[in-house]
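If you count by UniProt numbering, then the sequence shown holds residues 1 to 297, one letter each, in order.
Even glycine gets a Cβ: it sits at the ideal position worked out from N, Cα and C.
Everything on this sheet refers to the single structure shown next.
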Amino acid sequence: EPDVVVLCNPLKAMPAILAALAPLMGDHANTTLTDVGSVKGMVRDQVKAAGLGKCYVGAHPMAGNELSGWQAADPHLYDGALWAITVDESTDYRRFLDVAAMITKDVGNRVIVVDDETHDKAAAMISHMPHVVSTALMNELVANPDRNIAAALAAGCWRDMTRVSLTDPDRTRAMVEEDSLNVEALLRRMAARLTDMADQLHAGAAGEQDVMGFFAEGDPFRRYKAAVTHAGITAAQDGTATAAPQAGTTAAGFPERELAVPEAGWQQTLLFSARRGEAITGFVHPRQAIIQLRPAM
Numbered sequence: 001e002p003d004v005v006v007l008c009n010p011l012k013a014m015p016a017i018l019a020a021l022a023p024l025m026g027d028h029a030n031t032t033l034t035d036v037g038s039v040k041g042m043v044r045d046q047v048k049a050a051g052l053g054k055c056y057v058g059a060h061p062m063a064g065n066e067l068s069g070w071q072a073a074d075p076h077l078y079d080g081a082l083w084a085i086t087v088d089e090s091t092d093y094r095r096f097l098d099v100a101a102m103i104t105k106d107v108g109n110r111v112i113v114v115d116d117e118t119h120d121k122a123a124a125m126i127s128h129m130p131h132v133v134s135t136a137l138m139n140e141l142v143a144n145p146d147r148n149i150a151a152a153l154a155a156g157c158w159r160d161m162t163r164v165s166l167t168d169p170d171r172t173r174a175m176v177e178e179d180s181l182n183v184e185a186l187l188r189r190m191a192a193r194l195t196d197m198a199d200q201l202h203a204g205a206a207g208e209q210d211v212m213g214f215f216a217e218g219d220p221f222r223r224y225k226a227a228v229t230h231a232g233i234t235a236a237q238d239g240t241a242t243a244a245p246q247a248g249t250t251a252a253g254f255p256e257r258e259l260a261v262p263e264a265g266w267q268q269t270l271l272f273s274a275r276r277g278e279a280i281t282g283f284v285h286p287r288q289a290i291i292q293l294r295p296a297m
């Protein structure tokens with residue numbers, strides 16, 4: 001009897017797979033069901049509709065690239081990855097531990113715990129919406145009459161901004177449509193930002209302060225990235241990135257602490273931890289998590 005069954009199928013195939021799996025799971029009451037899809041709310045609804053809600057814990061590994069197919073298999077794809085584990089008020093803590101242990105102990109990755117809505121909004125922000133913006137940049141180039149000259153001039157900026165636009169378009173389309181409400185809202189906000197910027201540039205000297213404000217608004221993220229990079233460089237320089245870390249410090253150079261996980265309200269305790277920029281790297285015992293402390297904005 002497996003401890004965990006992991007579904008790695010396209011989300012559009014989920015209802016049929018769950019329907020076929022449901023009668024089999026009934027014979028394995030202790031088996032926990034999880035998946036690796038990039039949208040969680042829809043999957044939980046489908047799992048509940050199949051009668052498997054009690055054994056389900058959602059998961060999403062934040063590790064991927066623009067490639068697909070068996071030929072793109074990469075044994076290092078999950079190196080250093082963080083996973084989101086999604087839970088609701090009815091999630092069984094023992095089943096959460098099954099999935100968390102698989103990720104932290106067996107795969108050697110970190111996890112954060114969030115609810116489905118928080119996950120889907122965050123995934124839209126850092127993945128699904130950027131895929132659309134990246135594709136829009138590529139489409140703009142293709143529509144330009146001087147596209148060949150522009151493509152010849154393209155260097156680091158264009159490479160970094162359009163890498164994900166090289167993804168199989170059917171895969172990207174499916175991902176975006178499955179989180180359509182969140183992506184739509186973000187695209188409208190992004191369009192408003194860009195329109196404001198165009199207006200400020202059109203205003204010339206009268207819009208100079210607004211243009212400066214546009215480029216300065218993201219400074220908290222710049223400081224966050226610098227802090228993360230500095231911690232990694234420090235770890236590499238003092239050897240903790242490759243040697244066994246000192247007590248209270250992870251192999252990546254970030255400090256650790258222990259977090260007591262209460263029986264009542266454990267979902268909120270772990271969600272608050274994630275919102276502080278912390279991640280779970282393991283467990284001392286079932287109710288005592290090891291938390292990695294990382295820079296936060």
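Query, Result
"Measure the C-alpha to C-alpha separation of V4 and G58 and round it to an integer number of angstroms.", "12 angstroms"
"Could you round the C-beta distance between R294 and V228 to whole angstroms and report it? I think they count as a contact, below 8 angstroms.", "7 angstroms"
"For the stretch 76-92 against the stretch 48-64, do three or more pairs of beta-carbon atoms, one drawn from each stretch, fall closer than 8 angstroms, so that the two count as touching?", "yes"
"Among G253, D79, M212, H128, which one has its Cα closest to the Cα of N182?", "H128"
"Could you pull out every residue in the same chain whose Cβ sits closer than 8 angstroms to the Cβ of Q267, ignoring the five residues on either side in sequence?", "V87, D88, E89, T91, V113, D115"
"Roughly how far, in whole angstroms, is the beta-carbon of residue 329 from the beta-carbon of T135, given that I think they are within contact range, below 8 angstroms?", "Residue coverage of the chain in this structure runs from 1 to 297, which leaves residue 329 outside it and unanswerable."
"Is it right to say S38 is buried, meaning 16 or more other beta carbons lie within 10 angstroms of its own, or is it exposed?", "buried"
"According to DSSP, is A208 helix, strand or coil?", "The residue asked about is misnamed: residue 208 is Glu in this sequence, not Ala. Three-state result, E208: helix."
"Helix or strand or just coil, what does DSSP make of T269?", "helix"
"Note down, in chain order, each residue of its chain lying with its Cβ closer than 6 angstroms to the Cβ of A243, except the 5 sequence neighbours on either side.", "Only weak support exists for where A243 lies, its pLDDT of 39 falling under 50; the coordinates are left without a value."
"Specify, as a first and last residue, the run of the alpha helix (DSSP H) that V176 falls within.", "169-178"
"Looking at C-beta atoms only, is the number of pairs between the stretch 151-168 and the stretch 98-111 that lie closer than 8 angstroms three or more?", "no"
"Exposed or buried, A247, counting other C-beta atoms within 10 Å across all chains shown (16 or more means buried)?", "Below a pLDDT of 50, predicted positions are generally treated as unreliable, and A247, at 42, falls in that range; no measurement from the model is reported."
"Based on Cα-Cα distance, which residue from K225, C8, V6, K12 lies nearest to E178?", "K12"
"Check whether the Cβ atoms of V211 and M197 lie closer than 9 angstroms to each other.", "yes"
"Nearest CA to the CA of M161: which residue from P130, G277, R223?", "P130"
"Quick check: the stretch 259-266 against the stretch 281-297, are there 3 or more CB pairs under 8 angstroms?", "yes"
"Look at the alpha carbon of P15 and the alpha carbon of A50, and state the distance between them as a whole number of angstroms.", "8 angstroms"
"With burial defined as no fewer than 16 other Cβ atoms inside 10 Å of the residue's Cβ, what is the status of R110: buried or exposed?", "buried"
"If we count the other Cβ atoms within 10 Å of its Cβ and call it buried at 16 or more, is R44 buried or exposed?", "buried"
"Are M32 and C55 touching if we call contact CB-CB under 9 angstroms?", "Rather than Met, the amino acid found at residue 32 in this sequence is Thr. Contact: yes."
"What did DSSP end up calling T91 once you bin it into helix, strand or coil?", "coil"
"In this structure, how does DSSP classify T249 when only helix, strand and coil are distinguished?", "Bear in mind that a pLDDT of 46 at T249, under 50, signals an unreliable position, so the model cannot answer this."
"Compare the Cα-Cα distances from T172 to each of E140, E117, R188, A124 and report the closest residue.", "A124"
"In its own chain, which residues sit with a C-beta less than 8 angstroms from the C-beta of Y224, not counting the 5 before and 5 after it?", "P295, A296, M297"
"Beta carbon of L52, beta carbon of L97: below 9 angstroms?", "no"
"Please name the residue or residues paired with R257 in a DSSP beta bridge.", "I291"
"If you scan the stretch 19-55 from start to end, which runs of the beta strand (DSSP E) of 3 or more residues do you find wholly inside it?", "32-35"
"Using DSSP with H/G/I as helix, E/B as strand and the rest coil, what is P10?", "coil"
"Quick one, are the C-beta atoms of A122 and I280 less than 9 angstroms apart?", "no"
"Pull up the distance between the alpha-carbon of M190 and that of G282, whole angstroms please.", "38 angstroms"
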